[in-house]
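Here's the structure, in structure tokens; my notes come after.
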Amino acid sequence: MLSKGCKLDWKTSNSVAISGEIDEYADFTTLDRSAGQILYVDFANVTRLNSSGLRSWIQTITKNKIQLVLRECSAVVVEQFALIPQFIGKNGTVESFFARYQCVSCFHEEQRRFQVGQNLDLSAPTLPSELTEPCPECGDHVELDQSPEVYLSFIRYSNKANPAAS
Numbered sequence: 574m575l576s577k578g579c580k581l582d583w584k585t586s587n588s589v590a591i592s593g594e595i596d597e598y599a600d601f602t603t604l605d606r607s608a609g610q611i612l613y614v615d616f617a618n619v620t621r622l623n624s625s626g627l628r629s630w631i632q633t634i635t636k637n638k639i640q641l642v643l644r645e646c647s648a649v650v651v652e653q654f655a656l657i658p659q660f661i662g663k664n665g666t667v668e669s670f671f672a673r674y675q676c677v678s679c680f681h682e683e684q685r686r687f688q689v690g691q692n693l694d695l696s697a698p699t700l701p702s703e704l705t706e707p708c709p710e711c712g713d714h715v716e717l718d719q720s721p722e723v724y725l726s727f728i729r730y731s732n733k734a735n736p737a738a739s
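Here the sequence shown is numbered in the numbering used here, starting from 574 and rising by one per residue.
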């Protein structure tokens, strides 16, 4: 039987990797130990989210006043930032994320990682609308699968002061 909900893998006392589906089975009670602290969250392996899981996440981080530093955010996570800014948390920051690109002909998908302050400048944020390399499957061009505004919406709500930079 497949397990439901997401998995929380604590790397250190203030760093957790979340994987799987953030859904109605998600259990974030172990985040209570991070109350009032900075918590580094790796979202690289989150594959799906639904409204019940998001509600549980937002309630937990709000109740515990957790200051989030979000790392390696998968494309499905970043897409939620545009819809539900509370996902990032009141004082949260996004450190790195993935954007999804898709071939215009064969629909092959590629992901590109962006690091805030390195290959993404917050003073003039932009993402390439297409990749410079052709599709490895068919040779056609590969374009960003959403508008850049969707991927960059988190900038309006976060990165005011990055605690990881201090």
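All C-beta atoms, glycine included, are put in the ideal place defined by N, C-alpha and C.
Item: Segment contact flag, the stretch 712 to 732 with the stretch 660 to 678, C-beta cutoff 8 angstroms, min 3 pairs; Value: yes
Item: Three-state class that DSSP yields for I591 in the structure shown; Value: strand
Item: CB of I759 within 9 angstroms of CB of G665, strictly; Value: No statement about residue 759 is possible, as the shown extent of the chain runs from 574 to 739 and does not include it.
Item: Alpha-carbon to alpha-carbon, E652 and I728; Value: 13 angstroms
Item: Buried or exposed by the 16-neighbour rule on C-beta atoms within 10 Å, applied to A599; Value: buried
Item: C-beta contact flag for F828 and S669 at 9 angstroms; Value: Since the first residue of the chain shown is 574 and the last is 739, residue 828 is not available in this structure.
Item: Beta-carbon gap between S588 and I639 smaller than 9 angstroms; Value: no
Item: Inter-residue spacing [alpha-carbon to alpha-carbon] between C711 and A617; Value: 27 angstroms
Item: Alpha-carbon to alpha-carbon, T620 and E683; Value: 15 angstroms
Item: First and last residue of the uninterrupted beta strand (DSSP E) at V619; Value: I611 to L622
Item: For S696, the residue or residues it bridges with in DSSP; Value: Answer is none; S696 lacks a bridge partner.
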